[in-house]
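Protein chains in written order, with the working numbering: chain A, 1 to 349; chain B, 1001 to 1301; chain C, 2001 to 2263.
Glycine included, every Cβ here is placed at the ideal spot set by N, Cα and C.
Predicted model only: the values in this text are computed from it and were never measured.
Taking it in order: structure first as structure tokens, then the write-up.
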């Protein structure tokens, strides 16, 4: 990998240059909560001052740029008994995603495994992924973050450029030639030994700030053993079955397909909508039979998919420990608590 | 120096990582015509569907047990097991019960309607592995629809199998499917055992559960028969659970029993997760599973 | 257009004779249908309207589908409703008043209905009984929820009737649509919201405008009321605030509220 350092004021120059010629999105302040704490979201960056690189985890993840909540898979032009199908992967322009935390970069890497590097690659996702330039940024661990336990606290790949705030200047990891060429527009230098020391100090200090841990040793086996455990009922009784955990999750990709006819009957549409496995009819089949009618079985399924099935298929879990689901869940169902309760076969409140 | 990103078209062949064909396959539907609509019972209809493009027709083949996604634009898309002979290319028969949005609409379409077909998807029954063995083909209710394809295979390759038994049960005689083909099956030296739970006045055959017929067939055979028998079981979960447990009682190896799981796929390609059982994709790893695997799948039965 | 049968994929469309009726209500739901200029002609080409006081003077009692707006508060309304039921092949409860009693049923909270009548009407009393939903008097074939109904949903349902597609409404709660709209959770803003237990289909209309959900579409399927009450209490909302929301449209009245979770 190629490294560079640059002065803080150079960042503004870089961002403004990118904004001038591209669509740029990144962390912005969406509002303040009732205690005055800023709420962050990914949104359009029109000016450098919109960008909040020292943000804490956004409420919703950046997956919306790759997996929109609703997406048209195809449209049909209807004729009497016949039709013409038209397919569009829904990418109008390239996108620069500026300021993604390591957990969110790793989330995309996980999605790549199932949506690109598996049987039947999904062109809708691939087209967006290929047309997104990603700038990663280092983060400040929050109490809800358990990415270190999931092995996703650093990003090794899946970005073009990664910048770390050294206090006085930025340390840049350059992953692609596009990033390399972009950086030619600003003043950068080779990092000196002092920069390396500073970088490593910052990394080790950051690592000390994690407070939430989850033990995932043998989790696959434990989940199998505890399939009938009472703890699932406990969490099921709490669950609102509102699907919020999946909505905010950077790696939940499950969906449903619905077809519709325009009111003038001239066109039909095939719509994909992200669908949470916690919603009541997720496993319902034609005729009305529901394979998971209870909240507890649906909640359990979500954990089996993320921490067992995905591990079986791809040797890693489908959770990056960003903590969004636990923070967004009004019933305060948090992944570390659920996994710990399954491990110890009991709920400690 | 350029500071503007260029739009990358993933459908261009310069994309080295993935074959372009793979990508366009994702949402590609074969245009197909409903050639005939044949009413089987009050609720079930058999549709013969032919792919229109001759080149695509030549390329389209499947193995018994696989499914397709059938799409009526604007109405719905849903998975259906193929009910016809795997030796016919580019043309399939689907036996469809009226139960939901798509199937109710389908019941009203006429021959000549153009539908979309994606697939075939999933893993079918390992028919070649069964060569030289006895075959038990067991169906309950609508389970005869997916079973009909392996039945065709067995008939067309009759010399490659030893003793063949079909066991088929429904609630009542008027629910029996494909009654017009029974004679043909029997002429190919296949033992046909049909049993109903609730007979009507005209019914002269056996009355009871599928497992009653099965016990009759399996009782008093030698060990070699059990060890050299494959079973294909199609029907609702309660039914295949009882059937497979009985087969197990007779020491038929669980790896030689195959069942087809029914789930509501939305994509058929291991993406939407709607068909997952435990955490296994029915559409990719199934819908056909051997019973040992089913026992290991959480929440399958 | 009349006389010619349209088809979709070769299947003839059903063009029903439709009548609109209003009972105790503001007639706002019917106005929603008209408040959609772009699709209005296409919409009315799917049905044959024979009775719609908001738009036409002619009236006919020869209809197949009846859209019934409003709740039932008088004896005369009961008689009228029963007559409509006898004629209609399909009776649609149209809007929250018809489905649950709507805002009108708030009156039922008072023990002494005569007191209410005196307070409201003073010297000019009118007949006004306990407010009832349509299905407390007659069988209902389909419910279109909302105060007011969402015109896109009405359009979809009418189109589905014409095509013969299944008539479905979302079973999941408003949170799904709220998150899809990328809203900040109202609880984070310190506002009460019934989104987690209310049936979706409104595209999170209120939360998207930063107003907590009042539950006008009634309960989603599989509602966890006990947990919802615990959450509301945990966020410091008073029993009165909670009950005001839950009782506002009448959709949640069949849900039993355990006393202990409130106190």
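### Query
Can you tell which of C:2067, C:2151, C:2051 and C:2068 has the C-alpha that lies nearest to the C-alpha of residue 2060 of chain C?
C:2051
### Message
Tell me the residue span of the alpha helix (DSSP H) that contains residue 1296 of chain B.
### Response
1291-1296
### Task
Would you please state the rounded distance, in angstroms, between the beta carbons of residue 2029 of chain C and residue 2094 of chain C? I believe it to be under 8 Å.
5 Å
### Query
Can you list, in chain order, the stretches of the alpha helix (DSSP H) that have 4 or more residues and sit fully within the stretch 2132-2188 of chain C?
2151-2163 and 2175-2180
#### Entry: Opposing strand residues paired with residue 1256 of chain B [DSSP bridges]
BP columns for residue 1256 of chain B are empty, so no partner.
### Neighbourhood of residue 1076 of chain B by C-beta distance below 6 Å, restricted to the same chain and skipping five residues each side
1101 and 1102
### Task
Mind checking who residue 84 of chain A pairs with in its DSSP beta bridge?
A:77
### Message
Distance cutoff 7 Å, beta carbons only. Does residue 238 of chain A sit that close to anything in chain C?
### Response
yes
### Message
Against residue 248 of chain A, what residues of chain C qualify as contacts under a CB-to-CB distance less than 9 Å, listed in chain order?
### Response
2179
### Message
Restricting to Cα atoms, I'd like to know which of C:2207, C:2208 and C:2174 is closest to residue 2218 of chain C.
### Response
C:2174
#### Entry: Proximity of residue 40 of chain A and residue 55 of chain A at Cβ, strictly below 7 Å
yes
### Query
With distances taken from CA atoms, which of A:225, A:250, A:239 and A:297 is nearest residue 333 of chain A?
A:239
### residue 298 of chain A versus residue 1098 of chain B: straight-line alpha-carbon distance, rounded
28 Å
### Task
Look at the alpha carbon of residue 35 of chain A and the alpha carbon of residue 2237 of chain C, and state the distance between them as a whole number of angstroms.
16 Å
### Query
Does any C-beta atom of chain A lie closer than 7 Å to the C-beta of residue 2201 of chain C?
no
### Query
Given a limit of 8 Å on CB to CB distance, which residues of the stretch 1082-1104 of chain B reach chain C?
1100, 1101 and 1104
### Query
For residue 293 of chain A, which residues of its own chain have a beta-carbon under 8 Å away from its beta-carbon, when the five flanking residues on both sides are left out?
280
### Message
Which residues in chain B have a C-beta closer than 7 Å to the C-beta of residue 83 of chain A? List them in chain order.
### Response
1073 and 1114
### Query
Three or more beta-carbon pairs under 8 Å between the stretch 2004-2020 of chain C and the stretch 1137-1149 of chain B, yes or no?
no
### Query
In or out: residue 2232 of chain C buried (at least 16 other Cβ within 10 Å) or exposed?
buried
### Message
I need the boundaries of the beta strand (DSSP E) containing residue 165 of chain A, first residue and last residue.
### Response
161-165
### Message
Let's test the definition: count the other Cβ atoms within 10 Å of the Cβ of residue 1035 of chain B and tell me whether it reaches 16, buried, or not, exposed.
### Response
exposed
### Message
Beta-carbon within less than 6 Å of residue 2189 of chain C's beta-carbon, same chain only, minus the 5 sequence neighbours each way: which residues are those?
### Response
none
### Query
Quick one: Cα of residue 2263 of chain C to Cα of residue 14 of chain A, how far?
Bear in mind that a pLDDT of 35 at residue 2263 of chain C, under 50, signals an unreliable position, so the model cannot answer this.
### Query
Using Cβ-Cβ distances below 7 Å, what residues of the stretch 50-77 of chain A are close to chain B?
73, 74 and 76
### Task
Quick one: give me the first and last residue of the beta strand (DSSP E) that residue 1036 of chain B is part of.
1030-1039
#### Entry: Near-chain A residues of the stretch 1254-1287 of chain B (beta-carbon distance less than 9 Å), N- to C-terminal order
1262, 1263, 1264, 1266, 1267, 1268, 1269, 1270, 1271, 1272, 1273, 1274, 1275, 1276, 1277, 1278, 1279, 1280, 1281 and 1284
### Message
Rounded to whole angstroms, what is the Cα-Cα separation between residue 1026 of chain B and residue 122 of chain A?
### Response
6 Å
### Query
Of the residues A:140, A:144, A:136 and A:51, which one's Cα is nearest the Cα of residue 157 of chain A?
A:136
### Task
On a CA-only basis, which of A:79, A:342 and A:257 is nearest residue 230 of chain A? Give me that one, please.
A:342
### Query
For residue 2244 of chain C, which residues of its own chain have a beta-carbon under 8 Å away from its beta-carbon, when the five flanking residues on both sides are left out?
none
### Task
Would you verify that the beta carbon of residue 322 of chain A is, or is not, closer than 7 Å to some beta carbon of chain C?
no
### Query
Which residues mark the beginning and the end of the alpha helix (DSSP H) in which residue 2090 of chain C is found?
Premise fails: residue 2090 of chain C lies in the beta strand (DSSP E), 2090-2094, not in any alpha helix (DSSP H).
### Task
Return helix, strand or coil for residue 325 of chain A, following the three-state DSSP convention.
helix
### Message
Measuring straight from C-alpha to C-alpha, what distance separates residue 1004 of chain B and residue 44 of chain A?
### Response
17 Å
### Query
So, do the stretch 1063-1070 of chain B and the stretch 1113-1122 of chain B have three or more beta carbon pairs nearer to each other than 8 Å?
yes
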